[in-house]
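Undergrad: If you scroll down you'll find the structure; I have some questions about it.
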């Protein structure tokens with residue numbers, strides 16, 4: 315029973331992250347479902363990009379705000395806030411990657427998880 319609750323919670327957090335991204339007009343939003351990949355370290359990756367470091371930071375703040383308002387959870391770990399080229403927000407079972415456009419193309423994170431189930435979202 316506890317595992318089902320954790321899966322539902324990680325799905326909910328991933329949807330909150332998508333909403334936070336949409337609020338700040340993030341581009342090409344996808345959610346990779348990694349639950350059926352045995353070597354994955356998380357349930358979901360949520361990935362998007364933006365054209366400027368300012369927008370990347372605004373998206374990260376929006377995601378944090380939405381998740382905190384709904385769950386009172388802070389990210390376990392954050393990286394990249396100082397430069398705004400690639401911000402990572404780690405919520406244990408959900409990891410959010412917010413890239414500046416050129417960095418997303420360069421790193422191709424979603425290409426590394428070709429076996430994942432991908433869900434595409436529209437920007438708001």
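Residue numbers (my numbering): 315 to 438. Think of the CB as a built atom: it goes at the ideal place given N, C-alpha and C, for glycine as much as any other residue. None of these values were measured; they are calculated from a predicted model.
1. Following the continuous beta strand (DSSP E) through residue 349, name the residue where it begins and the one where it ends.
2. Over what stretch of residues does the alpha helix (DSSP H) that includes residue 404 continue unbroken?
3. Going by beta carbon distance, what residues of the same chain come within less than 6 Å of residue 415, once the five residues before and after it are set aside?
4. Taking C-alpha atoms, which residue in 341, 350, 374 and 338 lies nearest to residue 405?
5. Would you be able to state if there are at least three C-beta pairs under 8 Å between the segment 338-354 and the segment 420-434?
6. Counting only the same chain and skipping the five closest in sequence on each side, list residues whose C-beta sits under 6 Å from that of residue 407.
7. Quick one: is residue 384 buried, meaning 16 or more other Cβ sit within 10 Å of its Cβ, or exposed?
8. In the segment 402-437, which residue ranges form an unbroken alpha helix (DSSP H) of at least 4 residues, counting only runs that do not cross its ends?
9. Are the Cβ atoms of residue 327 and residue 401 separated by less than 9 Å?
TA: So, from the data block:
1. Your numbering for residue 349 matches position 35 in the chain shown. Neither: residue 349 is in no beta strand (DSSP E) and is coded neither H nor E.
2. Taking the chain shown and counting its residues from 1, the one referred to as residue 404 is at position 90. Residue 404 -> not in any alpha helix (DSSP H); beta strand (DSSP E) instead, spanning 400-404.
3. Along the chain shown, read from residue 1 onward, the residue named residue 415 stands at position 101. So the qualifying residues of the chain are 363 and 365.
4. Counted from its first residue, the chain shown places residue 405 at position 91. Residue 374 is the option with its Cα nearest to residue 405.
5. yes
6. The residue labelled residue 407 in the question sits at position 93 within the chain shown. If you ignore the 5 residues before and after residue 407, its C-beta comes within less than 6 Å of the C-beta of 324, 356 and 357, all in its own chain and listed in chain order.
7. As a position in the chain shown, residue 384 is number 70, starting the count at 1. Classification for residue 384: exposed.
8. 415-421
9. Sequence index remark: in the chain shown, residue 327 carries index 13 (1-based). Sequence index remark: in the chain shown, residue 401 carries index 87 (1-based). Cβ atoms of residue 327 and residue 401: not closer than 9 Å.
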